[in-house]
Every structure is written in structure tokens, then in C-alpha cells.
Amino acid sequence: MDKVKITGVIVIIAGVILAGFILGDFLPTVGDATSSANSYLSPYYIEHALHDTEAPNLVTAVLADYRGFDTLFETCVMFLAGVTALMVLLSKRKIVKGQRNPSDTNGISFSGTVLDTAFRVLIPVILIYAFYVLAHGEISLGGGFQAGALLAIAYMIDRLIPSFQNRLGFFTEETAAMTAGVGVFIYIFTGILPMFNGGNFLEYGKLPFEFAVEAAVMLHPVGIFLIELGVTVCVMATIINILEVVLERTKFDD
Amino acid sequence: MIIDSFRPLAAIAVSLLAAALIMLVGNKVKPNVREGITLIAAVIKAALVFSMVPAVLAGNEFVCRPWEIVDGISLAFRTDAAGMVFACIASGLWIVTSIYSIGYMRGHHEKNQTGYFAAFAVCLSSAIGIAFAANLITFFIFYEMLTIATYPLVAHYRNDAAKASGRKYLAYTLISGQIFFAAIVAIYVIYGTLEFTPGGFIGAGSLPAGIMLVLFIMMIGGGAVKAGVMPLHGWLPSAMVAPTPVSALLHAVAVVKAGAFCVLRVVCYVFGPEAAGWCGGGKLLSWLAVCTIILSSCIAMRKDNLKARLAFSTIGQLSYIVLGISVLAPYSILGAAFHIVAHAFLKITLFMCAGAIFVTTHLSEISTMGGLAKRMPVTATCFTVASLGIAGLPLLAGFVSKMNIIRGAFLAGQPLFVATLVAAALLALSYLIPVVRIFFGKEVSSPVLNEGGEASKAMLIPIIITAVVSFILGVMPNAALHLYDFAAMAAEAIAQGGGPIA
Amino acid sequence: MNHIPVLIILFPLCGAVLCPLISFLNPAWGKRAVVGTLFASFALSVIQLAGIVQTGEPVHYWMGGWAPPYGIEFVIDGVNGIIIVLVAFIGAFTSLFSSPFEEANPNHRFKSAGYYSILCFLVIGLLGLSSTGDAFNLYVFMEIVALSGYGLIAIGEEKGPIAAFRYLLTGTIGACMYLMGVGFLYSATGTLNMADLAIKLKEIDNTHIIILAMACMIVGFGIKMALFPLHGWQPPAHSYAHPAADPMIAGVMIKIPAYGMMRFFFCIFEETHPAAEVVFNIIGVMAVCGILFGSLKALRYDKYNKILAYSSIGQVGYIALGISLGNFYGLVGAVLHILSHAFMKTGLFYTSAALKYKFGIHYTDELGQIYRKMPVTGTAMVALSLSMIGLPPFAGFFSKWYLALGAIQNGQYFYVAVLIVSSLLSAIYFFRIFERLFMGEEKQLEDHYPAAEHGRKEVPLRMIIPVVIAAVMVVLLGLGNTFIVNNVLEITVMEVFLG
Amino acid sequence: MIDILQGFLAEKGIYMLTFILMGLGIFGMICCGNYMKKVVCMNIMQVAIIFFFLTLGQKDGGTLPVLVKDIFEAEAYINPLPHALMLTAIVVSLGTTGVALALLMKIKEIYGTIEEEEITGKGWKK
Amino acid sequence: MPVIFLEALFLILLIAIAVTIIFHKDLLAVTIIYCAFSFGAMMLYIIVGAADVAFTEAVIGVVSTVYFIIAIKSISRRCK
């Protein structure tokens, strides 16, 4: 088997290199600012994003506004993954939980108070950072997905370290899936609102909150924030969902 | 004159509806109701078809184009003369066969009668559809419907023999059907039309002869299989395992006649005599038919099973029709068209006699039937009449058609075919007369023949009717439905090569 | 602004995401939300198609009001309008069809909710896949379809998880290949909008990258639609999937990528491109091999679902054949075959699921005399199988007619021979099923869910209706094919596909 | 020398390396007998594709696509579109991985193994 | 030094890691190596200027590593 693998690896490396030399250079040079990929749509986004969407972070502008529809379904993929994982393992027996106490072995046990304390300190930091990332998504790096994942990581730490007694653990696998659904629904609802106001789906400029802002373009950050909130809820809940699904059916016996 | 009318469609739909009705309620109601449905549908259908006779005879055509079935081609029905010939016998004989089936199925205590009657009705629909189809695609739809609807009838007994013969039947018909389909597509692409035209729409020389011959063979194959032309006849004898009314239907009314009719349509209405002769297909087909006539007669002589002997007789007689068509002379086409009628009545009589004998006495081998006439004189008499008719004796229906085929072949300068036809008539005599002789012989070979009476009335009456009709047709070919005139009209139209009457 | 294109997706989307929550509050309403929204979406899709047929103009919907190519747009012309109707139709009826299955195992509250949610997402993904006008958005929908497919296959019969896992690996490669193709196109043009791509690609003379993109697309779509050498995942997936969702998976899930392929090769790549001819020939070869392979392989199996699965490989080959012909009749045949085969296969899998539900039948040799016990299912099975063989007057014949017409117009007589051979082979295995159905020995069968269906002859009405509708649709689609061809396809295929 | 190498890398080298990475991923998915490793290799392949897209958006002299005051020229920023696309793709890959792991646990429960050969040996083909 | 060399360097590193993953027999080790791979990928994304993607990759690296490790707990650790 190993021989096959070695041959395969060599063949692939050699093949790609050979093919690269034989075929002409049909891909644009890396870093070429004048390549068609960089000179058609991207200048428009860079030059108009702030004017169109009030979001200095171009990636967020594209992700949440210009291509917000993609992101909706990206969120749906997460929700779907959670539900699917849950459905797949639903019939598998759960490992019965004992009383939660520090000596319980249901969880990866880090021995030693130092590590425990370190993680204990980490959790609030992560939470604060997550909310920062969520709120500042359109201005600086990050966005709903990262915020959700950070929240979920905080939950994970709490869940995995036995001595924490799972204080954040108000989720079961099912409530997590439901919450994820609600997260997606927040997104959809934000998208639907403009439709009552004469706009298209996800047209934040037509959100029915004109009274709160001076210009229609200022509605875009509102819309982006709302959908990022939905994404956050969904992603957090889904990651927790999959975690719970996998964790509750895993025995930690060593 | 063209008459837009839904009558052709109605004639087809009647029995389809009857089939659906039988399927839906068949198992829930009494057999009388179920068979009542069949009979009523048969009568309505016959009435519809016969009601069109006078108008068509006067040179009119009923045309029905309900909707486009594929891009550029309508589902189209047209009652031309040739179609009327086939439609009349199919719908007329359905009544007879239905009555007979009731008697046979009850006398024999068959199972699955609901499916039987439903499939029978679908078969008849398809037969009428084939008769009235105005273009190849409509024709093909009903042709394949017939194939599928006949399958449950062939495999009616659902035992291993039935399964085997069902498979054989499907193998022959489906393969030939698919090849037929390919040819239709090719013709549509090349000529842009599929409308049946008396005299054909394919001009001689419009394609290289070789390619046209291939197309011709592909198309004829579809008809030849159902008509049992010799290398493709294998399914027919083995389909004999089916109940006798089915055999009667297969051999006399729907299936093999549909095959013969297919040959007629392809040769005379698609290719036309000119192109068929030019590409060499006509010659090929006529030689095949000649071989079939001789060989099948020889095989028939050696069969002891009555139904098997009749089956080979059918193969031979059907090749008369094919020969008549492929001689490509007007008179022979007339004869072929009329032979569809004549053979229908004669062969259905024979089969119904065989069935009646089987149900009443449970005898199927000829050698055990000695002295049958004593117990079943009427049946034996009718059998005799029909046998003589098959052989082509004057005053019986077979004579009219054979005479015309021979006349056509003679005028076309084909003395060899004339000789074959005459020889074949003698051969037919030689395999059917011995049966008659055994029937009327003094020596009684089975004890069952000494007691008991005739077959039940439901079987006897149809037999008598068909025997009488075949006599009437022999004396007055134009009686009642003017079937001879129709055949003549068809032959005339083909000879003149008029354009499509649509 | 006409919101119908997006509403078709949004209705079931709301149903799908809220289904777990609603089920938590009230178990019955979660299911009803999904079924209701799917039917609403079906109604909307019909309205949309009627509008398109009336105006003859494609409908554009700009997401977020951003004009393409900067935003994502939905483009709905005649062809995908009708495919959307198909997906919504079958999706709605499949959701109806599955309710007895979910009621039969009420042991877990989430089970039913999750099932409906996933099924609904499958429909959403397919709807999006057929309506989107953006190449990357198509990838996202592809992943939605794939993920829900994994779920529905995994929760099926005992070998479901492993079939799903194999599909997951293969499907991910397929999706990544598609993404690669999009990457190549993006690198050459800088845009992702399909209409814009088509315009931009005409201008560039970089042939290599187009060929590469085409190759990636063939692999990507080929895996998703189970085209011959890339079909490995399909037979186990179709035979072990959740029986109630199998009609959707087998009937529709492999057809929509075929439509996507068609769209890419005719709307985006120019069919007159020098490389296109080679590519079409390759697709043709794949199609021919697939048709023969699928039909031959189906002969070997006794398991009803396996037979159907392998026959799907052959039937997908028909569609690919139509694509490779690249003329009007070939494309019409391909689109018609997408429609007709969707109904045929869905219907056959409905019958398969009904058999499983009623008697737990998996193998054809258990079928003896079953038509006496389940007359409606038996009749539907016969009609649908005859259509699969391609006999008139059922739908299968007519799509074959157009394919053959296209093949002969292109002078590809060999393809016609392949079509014929495949018909005959499928006749063998379907008539074998008929023989067993009508002539097999009667088996002693016990009700699979005796408690739920005590003393009833057929399966419940909710399952009968979809079965009957599939069978009726096959007939209607056959007899009324010119309605579709003349009103919808003629204009759209000529304008959209053949420019 | 460095110039030549740089030119080569920019024109072909980076793409070659990316494709090698992708090839290795696909190869691993096909050749590794262990399902877990197949999943890991799947992730490798996805990383390669994501990176491929990102290189398409690379710009010499461009900076992160977050607008800085007073600079609105297109040349100053990297193309943000591939980044947005790849964010989506990356999330999809996480979802797929989650489902794959759930499936693996289920397979382990049914078959007691996640080795392809052992599962194939247990009558899978039938 | 131009950025492109860094890119190439990290790509080669990733290739090396990938080869290791293909050949390694211990699944837990594979997972840890995959963690390194994820980190390398993140660095690569930063180098090409995709900070958002890198951020996501970093977060996902954590999440998927945790998933992998938990899954390995219930699946056997050795592989053929």
C-alpha cells in the first residue's frame, strides 16, 4: 500500500510540474493588477463599496451586501449540516451522563488547576472579542461567521473542561438546532423586510427604518448588522449542535 | 371530400374506456356486468365504424387531428379505403369474438378474466388505431400499444410455457418495433413528412438504392414479424399456448393482420410501388413470402396439434397478403387487401372451431378427433366450409382474394408467383382436407366423442355467423359493407399515386 | 417589482429553518409548515411559468437590488421555469408522500422535524440550482443539495451511512471541480454572472483556459448527475436512501445538474468554439458508455432499487446524449427527458417506497401477485416502467423520439442504435419485473407497519395520490409534449441555448 | 537569479504548487483506506482550491481590502471578491466536515471499523 | 524579499504536511498535523492579503480540530 502511495505522490508532483511546463501560461500572473480578474468587478467594489454600503471592510460589503444571497445559503449550509449530523446520529445510543463533578470523566480532562484557570480567564475574553467582531464586522476584520465561531469556541471550552461544570451549557443538541434555525430566520426576515417597502429581497436601502437614519445608505449598516447577527446565532448554534451530537455519543474512558 | 369528425377517435376511445372500466370495476361486479361492458363497447364501436362506411364509399374521408403529438406532426386519423377494410373486420369480429370468449372462458373456467377482457379491449383499440392512423407516428404508437396489450393475452396462463412464449413474443415484436422506430425517425429527417400517401411519398432515386433498401427492410421488419413472414415467424407457433379466443384474435383479427396491414402501409403508402420496386425491396419481400408459403404449408402438414396446424396455415396465408402487396400490381394489391378480410373470417372460424372442440371434448390433437362430426356436426361443417375457403375454392371468400392476387401477378408478368400461388392452394387443401376427413371419418378414435352434444351456444353462434359470412363474401364480395369496393378503391388510389388527401 | 422568483425559494426556506422550532412547540405543525410552504412554492412556480409563457421574456430578479454582474441575479427563462415547476411539483408531493413514514416511527420528536427540514432544503437547493444566474451562487446551491442529499441517504436503510459517506467524498470532489472551473472562468473574465461570462468569453482568445474550465465542469456536473465513469456513488446512494425521500433523490437530484451542464455548455461556452466539438464528442462517448453500462448492469440485480438506480445511469446518459448532439432536437429531447424521466423515476421510487412501507419488500422476487394486494401501485408501476422502456404513448417515447431525431440530423446513426439497444435492454429488466409481478408465486407477506395500517388494502391515500399523479403525469407529458415544446422550449432553446 | 525565480513563481510556480496540493488531496481521498484520513484529505483539497481563488485576487502593491481614509483607488486594495467567495466556501467545508464526522461515527457503530477494505469485505457490494 | 517567496515556502510546507498526513498511521497524529496544516493555511491566507479568510480559517481550524479529536475518541485511533 505504501508503495502505491509513494508512486502516486511522485506521479502527481511530477505530472503537475510537467503539465505546468508543457501547457502555456494560461492563468494570469500572480499579483498582476491588470489581470481580468482584478480589473473588471473588483475596481467597482473598491470604489463604490463605501458609497453604496457604508461598509469600509470590502469583504464584508461584498459578502453581506452585494452577494448577501450567497451568504444566506452559506448560513443555511451550516444549519443543514447541524441538522444532518444530528439526524445521522439520532439513533445512536447516547452515553449516559453521570453527575457532573470535577472527577467526572465525561470530557477531555486537563489535569491541573493552572490550565483550568487559564481557560477560565480565556472565556470572557473570547466572548468580548466575539461581540466586538460581530459589531465591528463591517468596519474591520471579521463578521458574523467568525463571531459565531468564537462564541461557540467559548462554549466548547466550557463544555469540554469537566471542572467548569458546564455553566454555559444551556444547549442540548435539539435546542441548538432550533436556535440555528432561528438564526437563519433572522437573516431571511431581514431580507424580507425591504420587500414590504418596495425593495427587492435583501435590499437594505429599503429597510423600513427610514425614520431612524438621515440617508437611505445609512440603512445598509443596519441591515448588515442584522444579518450578521443572524449568521452569528446560526453558526454558534450549529457548531454547538455538532459538538453536542458528537460529544454525547463519545465515551472518554482513558 | 374531407369531413372533420371525431368519429375515428371515438371508435378508438370506446374500447379504451371499456378497458379502463373493466379494470376498475371488473373484480367487484359480477361477470355478467363485466362482459356486458365488453359487448356494449363492441357494438358501439362496430356501429361507429360501420356508420362511416357509406360516406367513405362515396369518396369522402373522415379526418381527425386532435393535437400535435410531436413537434410538427399531428396525431392524425383518417378513414381511407384500406383503413376501412381493416377497421370493419376488426370491429365486426370483436363482437363475434367477445360472444365466443364469454362462452369459452366460462366453459373453461379460466382465471384472470378481468385482465383478459381489458387487454382484449385495448388490443381492439390499437387495431382500429392502426387502421385509421394517418401518419407513421400515430401508426407506430398504436402498433406498440398492440404489442404490449397482446403480451398479457399471450402469457395468459402465467405458467412457465406461457412465460416463455410471452418472452419470445416480446423479443420478436419489441426488437422489430424499435428498428421500425429508428426507420421512422430517419424517414422523417430525410423526407420531412410521415403522412401516409397512396402511392408513397418516397420518390424512386431520392436516396442511393442500398440505403433505401436498408430503410425498407427496417420498416418492413416491423410488419413482417407480426405477419409471421418466414425467418421472423418464430413467436407465432409458440404463442399457441394462449387460450383459443386469443389465438383467434391474434391470427384473425388484430395482431397478424396488423402486421400485414403494416406491410401494406409501408409498401404502398410510404415507399409506394415505384420506390419499393426500384430499391429491390419488393422483390426481396415477394421471395420471402413465396418461401414462407411453401415452407409453412409443408410444416403445417406434419403438425398433429390442431392449433399448431392452423398457426402454420396462418403464416402461409398471411404471406399471401404480403406476396400480393409485394408484387406491386394493382390487382394483387386489391387481392391482398381483400384477403385480409377473407382470411379473417375463414381463420377465425377455424380457430373458434378448434376452441369449441377443445372446450367441449378437451381434445387438441388431430389424430384423436376421428369421428368428431358425429358429436359436433355443426362445428365440423363450419370447419369444413372454412377449410375449403382457405384453400381458395370458388364461392367462398378465399377465392375472390386469391383470384385477384393471381390476376395481378399474371398481369405483372410473374408466372412463377402464379405457379406458387396455385401450388400453395393445393398445399392448403392437402393439410386441411385430411382434418376434415378425420372429422367425418367412420372410425371414432376417442371415447369422449360418443357422448355429449355440441358446443355451448355462445360458442356455436359465432362460429356459424363467421362461416356464413365467409360464404356470403365468396358469393357477393360487396355484400353489406362493400369491403371489396374498399379494397378496389385502395388499390386504385395506390396505382394512381394521388397526393395525401389531408 | 415581481418577487415571485425569490418567493418560490423563500417560502420553503422559512418552512425548513423554522420546522425544528415549530415541531418543538407542536409536533404536527412542523410537518404541516414544510408541506404547506412547498405547495405554496409549487403554486407560485406555476404562476411564474404562466407569466413567462405569456410574455415570452425571461424574468430577472436582482438580489438586494444590485444590478448584475455586481450582485446576484435569478434568471428564469422558459426552460428553467418549467424545471422549477417540476422540482416544486415533485418536492411538494414527496413531502406529502413521506408523512406516513414519519408517523410510523414516532419514537423521537426531532426525527420527523429534521427529516422534513432536510427534505425541504433539498427542494430549495434544487430550485436555486435551476434558477440562479450566478456561477458561484450555483456552487452554494450545489452544496445545499449535496448536504441534504447526504442527510437523506444516511438516515435511510442500514447501509445508508456508508453510501452517504461515499457520496460525500465523491460529491465534494465534484463540487470542488466545479469550483475550479468557476475559478478558471473567473481568472479569464473577472466575472461570475453567467450572462456576463458568456459575453466576456467571446472576447478572450485564451483557448486553454476555456478547455480547462470545460473539463472541470464536465467532471463537476458529471459527478453530480452520475454520468458514466463518475457514477460510482449513485447506485448505493439510490438504493439505500430514506425510502420516502428516494423519489426526490433519484428522480430530481441527478437531473438538475444535467440542466446546469446544459446551461454552461450552451449559454456560457459558445457551442461553436473549436474545443466545443471535442468536448461534445467526449460527452457523447460518456453518454453512450453510460447508457449501455447502466442498462447492462441493471440486468444483474434482483433488488428493485438497484435496478432502478442503474437504469438511472442509463437514462442520465440519454440526457447527456442530447447535450452532446447540440442541435435543436437534441436539446429539446434532453430537456423533455429531464422532465419525463423525473416523473418516471420519481414514480417508480414512489412505488418502491410504497412496497417497502406496506410489506417491507426490497427484492423483485418477493413481488409475486402483489398487484392483487396493491392494485393502484401495481398499475402505476406498469405504466411508469413502460415509459422507462420508451414505449408510446408514454413520455419516455417522446423524449427518445426527439433524441433520435437530433441524432439523425447530426448524422450520428450510431446513437440511434444505442438508444434502441438501451430500450430493449430496459425492456428485459422491466418485463422481468412484470413477470414477477403478475406471474410470480404469491408470497406470504405481512404488513410492515401492522399497527399503523391495520386491515387496509392499499397504502394510505397520502401515498397513493403521488403515485397516481406520477403515472398520470407520464401519460400527460407524453401526449402533451408538443404543448411544452411549442410554447416553452421552441423559443427558449433557440434563443437561450443556440443563440 | 531571484528575478527569474520570482517571475517563474508568479507565472507558474504558485499555481503548480497549488495544483500539487490539490492533487495530493484528491489522491489521498482516493488512496487512503481509512475514512478519517479521507476526510482530512478532503479538507486539504478544499484548502488548495480556496488558495487558488485567493491567488487570483492577489495584487502587487495592494493592501488588505479594508478601506483606509482618503484612499479609494482600486490599485491600492486587493480584490475583495475572491475573499468573499472563499469565506463562503470555507464555511461550506466546515459543514461538510461536520457531517462527514457524524457519518463516520455512525459507520463505526454499524460496521465496527472505518477501514475501507474491512467494510468492503463485509458484503457491502451486494 | 518578495511576498511570493513566502507564499511558495508555505505552500511547500503545506505539501510536505499533506504528504505526511497521507502516510501517517496514527489518526490522532494526523489530526494534530492537520491542525498545523490549518495554521499553515491561515498564514498563507494572510500572506496573500485575505485577512478575513485567514481569521475564519483560524477559527475553523480550532473547531474542526476539536471535532476530529472527539470523533477519534469514539473511532479507533490506529489506521492501516
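Protein chains in written order, with this note's numbering: chain S, 2 to 255; chain D, 6 to 507; chain L, 62 to 560; chain C, 186 to 311; chain E, 142 to 221. We treat Cβ as the ideally placed atom computed from N, Cα and C, and that holds for glycine.
Chain-ordered neighbours of residue i on chain D, where CB pairs are closer than 7 Å
i	result
N542/L	V75
Candidates the options, of which the one nearest residue i by Cα
i	options	result
M405/L	K263/L, H269/L, V536/L and L550/L	V536/L
I193/S	F202/S, T114/S and A56/S	F202/S
F158/L	G439/L, P308/L and V557/L	P308/L
T85/S	G210/L, E163/L, V339/L and T116/L	G210/L
P335/L	P129/L, L353/L, M275/L and G375/L	M275/L
M203/L	D71/S, I124/S and T180/S	D71/S
S392/D	F476/D, G413/D and T373/D	F476/D
G210/D	A60/D, A160/D and A281/D	A281/D
V243/L	L74/L, S156/L, T407/L and V280/L	V280/L
G217/L	G152/L, F197/L and P297/L	P297/L
C387/D	G397/D, L289/D, I468/D and K33/D	I468/D
Extent of the continuous beta strand (DSSP E) to which residue i belongs
i	result
F135/L	E134 to I137
H121/L	V120 to W123
I8/D	I7 to D9
C69/D	E66 to C69
V75/D	E73 to V75
Proximal residues of chain C, C-beta to C-beta of residue i below 7 Å
i	result
T155/L	Residues of chain C passing the Cβ test: none, with the nearest at roughly 22 Å.
I14/S	I205
9 Å Cβ cut-off: residues of chain S touching residue i
i	result
T197/E	G143, G144, F146, Q147 and A150
Interface partners of residue i on chain L, CB under 7 Å
i	result
F238/C	G244
A178/S	P81
A191/D	I469
T273/C	V201
Closer than 7 Å at the beta carbon, the chain S residues around residue i
i	result
Q243/C	V31 and G32
Limits of the alpha helix (DSSP H) - the one that residue i falls within
i	result
C128/D	Q118 to F137
E204/L	A196 to A215
E294/C	P265 to Y296
V268/D	V260 to L269
D159/S	G145 to L161
V554/L	From DSSP, V554/L is part of no alpha helix (DSSP H); its letter is neither H nor E.
V474/D	K462 to V480
E302/C	E301 to I304
Contacts that residue i makes with chain L (C-beta to C-beta distance below 9 Å)
i	result
G280/C	E204 and L208
Chain-ordered chain L contacts of residue i [CB-CB under 8 Å]
i	result
F145/D	P453
M230/C	T233, I234 and C237
Chain-ordered chain E contacts of residue i [CB-CB under 7 Å]
i	result
G283/C	Y208
8 Å Cβ cut-off: residues of chain C touching residue i
i	result
L360/L	Under the 8 Å cutoff, chain C gives no residues; its nearest Cβ is about 16 Å from L360/L.
8 Å Cβ cut-off: residues of chain S touching residue i
i	result
C75/L	F186 and I189
The segment 457-468 of chain L touching the segment 181-190 of chain D, judged by at least three CB pairs closer than 8 Å: yes
If you scan the segment 250-282 of chain L from start to end, which runs of the alpha helix (DSSP H) of 4 or more residues do you find wholly inside it? 255-264
Just checking, does the segment 331-338 of chain D make contact with the segment 233-253 of chain D on the three C-beta pairs under 8 Å criterion? no
Whether or not the segment 295-306 of chain D and the segment 82-99 of chain L are in contact is what I'm after, with contact meaning three or more pairs of Cβ atoms, one per stretch, closer than 8 Å; do they touch? Judged by Cβ distances under 8 Å, the segment 82-99 of chain L makes no contact with the segment 295-306 of chain D, as fewer than three pairs qualify.
Do the segment 241-248 of chain D and the segment 159-170 of chain D make contact, defined as three or more Cβ pairs closer than 8 Å? yes
Could you check whether the segment 320-336 of chain D touches the segment 72-89 of chain D, counting it as contact only if at least three pairs of C-beta atoms, one from each stretch, sit closer than 8 Å? no
With a floor of 4 residues, list each alpha helix (DSSP H) that falls wholly inside the segment 275-363 of chain L, ordered by position along the chain. 295-301, 317-324 and 335-359
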